[in-house]
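Below is one structure, written out as structure tokens; comments come after it.
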Amino acid sequence: GGGDGEDSDSDSSDGSSAGGGGSSDGKCDGDGSKTDIAEIDMNMESDAGDGDDAAAAAKEAAKQAARERNKDLMSKLMDDFKADWEPAVDKLDKAAKAFEGLDLDDLNEGPDGFDVTKGLWRQTGWKELDSLRKKLEELRELRDLVRSLGRGAGRGPLKRAPRQRERPGMPIGLVRSPLEPEETNGLCRSDDISRMLPSELALIANGTRPARLLHFARRMERTLLSYERVGWSEEPAVTVEGSEIRPAAECGPIILCLDTSGSMMGARETVAKAMVVECMRQAKSQQRQCYLYSFSGPGDCVELELKVTGKGVAALLEFLSGSFHGGTDVDEPFIRALQRLEEQEWSNADILLVTDGEIRPPDTQMLADLNNAKETMGLKVHGLLVGEPGAGADVVEQLCTNTHTFKSWAAVKEARG
709 GGGDGEDSDS DSSDGSSAGG GGSSDGKCDG DGSKTDIAEI DMNMESDAGD
759 GDDAAAAAKE AAKQAARERN KDLMSKLMDD FKADWEPAVD KLDKAAKAFE
809 GLDLDDLNEG PDGFDVTKGL WRQTGWKELD SLRKKLEELR ELRDLVRSLG
859 RGAGRGPLKR APRQRERPGM PIGLVRSPLE PEETNGLCRS DDISRMLPSE
909 LALIANGTRP ARLLHFARRM ERTLLSYERV GWSEEPAVTV EGSEIRPAAE
959 CGPIILCLDT SGSMMGARET VAKAMVVECM RQAKSQQRQC YLYSFSGPGD
1009 CVELELKVTG KGVAALLEFL SGSFHGGTDV DEPFIRALQR LEEQEWSNAD
1059 ILLVTDGEIR PPDTQMLADL NNAKETMGLK VHGLLVGEPG AGADVVEQLC
1109 TNTHTFKSWA AVKEARG
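Residue 1016 in this note's numbering sits at position 308 of the sequence shown, with consecutive numbering throughout.
Written out as structure tokens, the structure reads:
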């Protein structure tokens, strides 16, 4: 009986041991199972992190692609803007150099304003305009001739007007002169005791010998500090560079009759076109009117108002880009010019004829009407000969009150080269 009990205990012990062993294996499996879940969670988190990184990378790539597209678009817009505006800006710069005081509003073309797609900026004569502007820098005689045109350049209200300098043999102008004192203009050095400053008189009043000797020395050297008393005198004068405040009357308009016949081709054509540009420039700067009649053969006379506007500059460029041809009929432009002189706003104009002298004798009636205008209206007809007059010299003398011969051929040839 005791043996059985031991066996039972032994079995129980074994069972207990086995059970314990079984229980121990179950716990280990439980720990293993928990470890697998943690790893799964970590793997899921890792997968989620990888997904977020991929989304961020894709988003960044999309942003970079958008930036590249925007960069390309901006570059294209800039190229298009440059292609549209660079030629216009270059031409506007040429216009500003050619016409002093040019305002962008002067070139507006109607309600559309400044439009680079329209005719003015598509013209081909801009190169010729800039070339002639450079030539004019060397052609002073043309500038001086244009300044002398237009009646009414005598006395008038004080205003800014072209400066004049006395020169014998030239038309009557208005120059500063101390012989007709009208106003105190400032201070100067002189030997005139009636105009000297009190400080100079004080040297005599001082009474000491050195002071009196200093006064007499200054008087002998004509260096007494004095008031400058000047006025304006009508003397033969020429208009020079620059402007000043002077009692100047309004200068009359300019009517330009330009010979565009075949004999004017070459260097003569260059001088003629330069004269057109100079007339337009000075009309702009002096606020004067200017009108062009370009003529060649019978019935071939083209009119153009030389005014710095969009349409006016476009018409000028078209004229400059053309060439001279045909015969010479001087009657038609003078008939039209005389008709224009009958208008109030043009009644004070002078006429400038630019020709090479190879012209036919004018019509008798037209010449009589021209001479009548010279006598009754004080009309002045200036002639600029750009070449040897030859057989036409007498004709030019009949038409013109003043004749000028162009001499600066060297400057034209250098400019052309």
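Heads up, the beta-carbon is just placed ideally off N, CA and C, and yes, glycines get one too.
Going by beta carbon distance, what residues of the same chain come within less than 6 angstroms of Glu1013, once the five residues before and after it are set aside? For Glu1013, the CB contacts under 6 angstroms within the same chain, skipping 5 residues up- and downstream, are Tyr999 in chain order.
Start and end of the alpha helix (DSSP H) containing Ile912? That run of the alpha helix (DSSP H) goes Pro906 to Ala913.
Below 6 angstroms, is the gap between the Cβ of Ser993 and the nearest heavy atom of the ligand MG? No copy of the ligand MG occurs in the structure displayed, which carries no ligand at all.
Apply the 10 Å Cβ neighbour rule to Trp834 and answer buried if 16 or more other Cβ atoms are within range, or exposed otherwise. That one is buried.
Other residues of its chain near Leu1024: CB distance less than 8 angstroms, five sequence neighbours each side excluded: Gly833, Leu837, Val984, Val985, Met988, Leu1012 and Leu1014, listed in sequence order.
First and last residue of the uninterrupted beta strand (DSSP E) at Arg897: Segment Glu891 to Ser898, the beta strand (DSSP E) holding Arg897.
Using only the alpha-carbon positions, how far apart do Ser798 and Ala791 sit? Rather than Ser, the amino acid found at residue 798 in this sequence is Asp. Near 12 angstroms, if we compare the C-alpha coordinates of Ala791 and Asp798.
Taking Thr1118 as the reference, which of Ala773, Glu849, Asp787 and Met782 has the closest Cα? Per the sequence shown, residue 1118 should be read as Ala rather than Thr. Comparing Cα-Cα distances from Ala1118 to each of Ala773, Glu849, Asp787 and Met782, the minimum goes to Glu849.
Looking only at its own chain, which residues have a Cβ that is under 7 angstroms from the Cβ of Asp852, when we skip the five neighbours before and after it? Non-local beta-carbon contacts of Asp852 in its own chain, meaning distances under 7 angstroms to residues more than five positions away in sequence, involve Val946 and Thr947 in chain order.
Across the segment 1074-1082 and the segment 1041-1054, are there enough close Cβ pairs to call them in contact, namely three or more that are closer than 8 angstroms? Cβ pair count under 8 angstroms is three or more, so yes.
Could you please give me the residues that DSSP links to His1090 through a beta bridge? Paired residue(s): Leu1060 and Asn1110.
With 16 other CB atoms within 10 Å as the buried threshold, where does Gln1106 fall? Gln1106 counts as exposed, since fewer than 16 other beta carbons sit within 10 angstroms of its beta carbon.
Every unbroken alpha helix (DSSP H) inside the segment 915-980 [4 residues or more]: Secondary structure within the segment 915-980: the alpha helix (DSSP H) runs of 4 or more consecutive residues, fully enclosed, are 917-928 (chain order).
Whose CA, out of Glu845, Phe789 and Arg775, lies closest to the CA of Ala982? If we check each option's Cα against that of Ala982, Glu845 comes out closest.
Quick check: the segment 948-968 against the segment 917-934, are at least 3 beta-carbon pairs closer than 8 angstroms? No: fewer than three Cβ pairs fall under 8 angstroms.
Note down the Cα distance separating Ile953 from Lys867, rounded to an integer number of angstroms. Between the alpha carbons of Ile953 and Lys867 lies a distance of about 5 angstroms.
Mind checking whether Leu1028 and Val1062 have CB atoms under 7 angstroms apart? The answer is no: Cβ separation not under 7 angstroms.
Among Pro1070, Val1010 and Gly1030, which residue has its Cα nearest to the Cα of Asp1039? Closest option to Asp1039, Cα to Cα, is Pro1070.
Asp1077 versus Ala1057: straight-line alpha-carbon distance, rounded: For the pair Asp1077 and Ala1057, the Cα-to-Cα distance works out to about 16 angstroms.
Would the beta-carbon of Asp1008 fall within 7 angstroms of that of Gly1034? In this structure, Gly1034 lies closer than 7 angstroms to Asp1008 by Cβ.
Under the rule that 16 or more other beta-carbon atoms within 10 Å means buried, what is Leu887, buried or exposed? That one is exposed.
In whole angstroms, what separates the C-alpha of Arg897 from that of Val979? Going from the Cα of Arg897 to the Cα of Val979 covers about 45 angstroms.
Segment limits, beta strand (DSSP E) that includes Glu836: Segment Trp834 to Leu844 is the alpha helix (DSSP H) holding Glu836; no beta strand (DSSP E) there.
So who's on the other strand from Pro870, going by DSSP bridges? In the DSSP output, where bridge partners are listed per residue, Pro870 has Ser951.
Quick one: residues in its chain with C-beta nearer than 8 angstroms to the C-beta of Pro889, no 5 flanking neighbours on either side, listed in chain order? If you ignore the 5 residues before and after Pro889, its C-beta comes within less than 8 angstroms of the C-beta of Arg937, Val938 and Gly939, all in its own chain and listed in chain order.
Can you tell me the Cα-Cα spacing of Phe1003 and Glu1096, whole angstroms? The straight-line gap from Cα to Cα measures roughly 19 angstroms.
Return the first residue and the last residue of the alpha helix (DSSP H) that Val854 is part of. Run containing Val854: Arg848 to Arg855, per the alpha helix (DSSP H) assignment.
Close-in-space but distant-in-sequence residues of the same chain around Gln997 (CB under 6 angstroms, 5 per side omitted): Residues of the same chain with a CB within less than 6 angstroms of the CB of Gln997, apart from the 5 flanking positions on each side, are Pro961 in chain order.
Cβ-based burial, Glu977 [other Cβ within 10 Å; buried from 16]: By the 10 Å Cβ count, Glu977 comes out buried.
Could you name the residues of the same chain whose beta carbon sits closer than 8 angstroms to that of Met973, not counting the 5 residues immediately before and after it, in chain order? Excluding residues within five positions, the ones whose Cβ falls inside 8 angstroms are Ser1031, Phe1032 and His1033.
Excluding the 5 residues flanking Lys1088 on each side, which residues of the same chain have their C-beta closer than 7 angstroms to its C-beta? These residues qualify, in order along the chain: Arg859, Asp1058, Thr1109 and Asn1110.
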